[in-house]
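In what follows, a structure is listed as structure tokens, so that the remarks can point back to it.
In full-length UniProt numbering, the protein residues as written are 1 to 451.
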């Protein structure tokens with residue numbers, strides 16, 4: 001009887017995870033927190049749009065020399081060339097100067113710098129734009145900008161009023177072209193001024209470190225509802241704050257299942273401020289108040305006692321920075337572009353808040369959206385909430401003779417750092433995801449999402 005039951009279990013497992021899964025999903029290396037990859041952990045589609053669209057846009061940008069390496073001047077180059085941002089001042093009224101600086105409390109110790117990145121930049125959000133000699137529509141065109149291209153930005157000025165848009169704001173920009181640095185103006189509504197919000201990032205770091213040092217910390221654990229399903233919220237699967245029942249715990253106003261509650265998601269960092277027989281009394285930096293959570297949903301496994309490593313993701317600017325604590329201060333070790341989750345009918349935004357770096361995986365499989373068909377995998381993943389990960393560029397399997405074939409990892413997508421295009425995860429360049437995978441220490445690390 002036991003053999004028959006075991007055989008049925010094996011058959012069911014093969015059917016569910018799919019045949020011909022030849023990818024390496026486990027690691028013998030258990031150092032630095034270990035790798036927990038397993039064929040059991042198949043996630044929802046990680047893409048909010050077909051990854052083929054991202055690949056096509058990337059090929060086009062590479063062919064037209066419009067990638068960051070082609071046009072964006074790195075922060076290091078900006079610092080080295082004092083003339084770049086001190087180019088001749090013209091007669092236009094300056095509205096704002098873009099000159100983000102790293103806070104004095106942060107030491108810069110860059111460990112990853114594969115791609116050109118600037119503290120301030122302009123993201124083009126129109127199919128094709130003119131970069132002009134002056135902030136007027138009748139001035140000479142000095143260059144062309146393409147959709148999702150990133151170029152450097154100096155300041156905003158008052159230029160020609162465009163009646164159609166009821167706006168007279170222009171940006172002074174500069175970019176690389178043919179080995180030279182060019183300067184010009186773009187109309188403001190053709191894109192967005194972006195920055196690395198280091199001051200806001202550092203504030204969030206210090207708040208979390210203070211919380212960890214002065215409280216007993218834990219995190220909510222209900223990945224794939226493995227610790228039980230939370231109750232329905234007034235007959236619904238979403239509470240008044242937009243949190244979902246799936247992969248959440250109930251956070252009660254009192255230590256009673258009959259009291260009012262809200263959902264608190266898997267991965268949320270919490271501080272333990274009390275307990276009863278069945279509940280822990282908790283607070284979280286993610287929202288105000290004290291709540292009672294059933295003990296089965298609260299995990300102390302690898303809970304953070306000494307916070308040393310943090311990835312801060314900026315949902316507004318679509319970028320992230322990585323910090324490591326040492327010798328009494330935070331060190332900036334990388335800052336890169338990133339892509340977060342899209343909010344739409346069937347997709348989810350990457351949630352704001354403070355989360356546990358729960359586990360890491362060499363890769364995880366994901367389904368084709370709306371099906372149970374395995375579509376591909378995402379490499380070098382760090383899970384921080386439910387099925388939400390920081391990971392490298394997704395890879396779609398090729399189907400040959402009814403078998404899934406891995407075409408190999410892809411390093412780069414031109415769309416990274418543009419607009420939300422993922423399904424709640426945080427997409428990185430694959431080499432940076434690998435950098436984080438090797439660097440992260442489970443039990444000493446957190447993920448913070450700001451905007």
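Each residue gets a CB set at the ideal place from its N, CA and C atoms; glycine is no exception.
Would you check if the distance between the CB atom of residue 505 and the CB atom of residue 172 is smaller than 7 angstroms? The requested residue 505 is not part of the displayed model; the chain covers only 1 to 451.
7 angstroms Cβ cutoff met for residue 107 and residue 331: In terms of Cβ geometry, residue 107 and residue 331 form a close pair [threshold 7 angstroms].
Best match in 165, 347, 357 for proximity to residue 459 [C-alpha to C-alpha]: Only positions 1 to 451 of the chain appear in this structure, which leaves residue 459 out of reach.
What do you reckon, are the CB atoms on residue 174 and residue 152 nearer than 7 angstroms? Cβ distance < 7 angstroms, so residue 174 and residue 152 count as in contact.
Decide if residue 363 is buried, meaning its Cβ has at least 16 other Cβ atoms within 10 Å, or exposed. Flag for residue 363 reads buried.
Pick helix, strand or coil for residue 423, following the three-state DSSP scheme. In the three-state reduction of the DSSP assignment, residue 423 falls in the coil class, being assigned neither a helical nor a strand state.
With distances taken Cα to Cα, identify the nearest neighbour of residue 180 among 143, 430, 355. For the residues 143, 430, 355, the minimum Cα distance to residue 180 belongs to 143.
Could you tell me if residue 30 is buried or exposed, where buried requires 16 or more neighbouring beta carbons within 10 angstroms of its beta carbon? Here residue 30 scores only 41 on pLDDT, less than 50, and its place in the model should not be relied on; the value that follows carries that caveat. With fewer than 16 other Cβ atoms within 10 Å, it is exposed.
Could you give the DSSP three-state label for residue 32: helix, strand or coil? Because residue 32 sits at a pLDDT of 45, beneath the cut-off of 50, its placement in the model cannot be relied upon, and the point is left open.
Excluding five sequence neighbours on each side, which residues of the same chain lie with their C-beta closer than 7 angstroms to the C-beta of residue 157? Around residue 157: 92, 93, 94, 95, 135, 170, 172.
Helix, strand or coil for residue 184? Go by DSSP, reduced to three states. Residue 184: strand per DSSP, three-state reduction.
Which class does residue 302 belong to by DSSP, given the choice of helix, strand or coil? Of the three classes helix, strand and coil, the one that applies to residue 302 here is coil, per DSSP.
Looking at the strands, I want to know which residues DSSP matches up with residue 122. Note: residue 122 sits in a beta bridge opposite 151, 193.
If you follow the beta strand (DSSP E) that residue 291 is in, where does it begin and where does it stop? The continuous beta strand (DSSP E) containing residue 291 extends over residues 287-294.
contact_flag[the segment 386-401, the segment 268-278] where n(CB pairs < 8 angstroms) is 3 or more: With a cut-off of 8 angstroms, the segment 268-278 and the segment 386-401 do not count as touching, because too few Cβ pairs lie within range.
Determine the burial state of residue 230: buried for a count of at least 16 other Cβ atoms within 10 Å of its Cβ, exposed for fewer. By the neighbour-count rule (16 or more Cβ atoms within 10 Å), residue 230 is buried.
Assigned exposure category for residue 370 - 16 Cβ within 10 Å defines buried: Burial check for residue 370: the Cβ neighbour count within 10 Å stays below 16, so the residue is exposed.
Who are the Cβ neighbours of residue 218 in its own chain at under 7 angstroms, not counting the five residues just before and after it? For residue 218, where only same-chain residues beyond five positions count, the Cβ hits under 7 angstroms are 270, 272, 298, 299, 300, 303.
DSSP three-state assignment for residue 232, whether helix, strand or coil: If DSSP states are grouped into helix, strand and coil, residue 232 belongs with coil.
Beta-carbon proximity list for residue 102, same chain, < 7 angstroms, skipping 5 on both sides: The answer, listed in chain order, is 108, 198, 332.
How would you write the range of the beta strand (DSSP E) that residue 446 sits in, first residue to last? For residue 446, the enclosing beta strand (DSSP E) begins and ends at 445-450.
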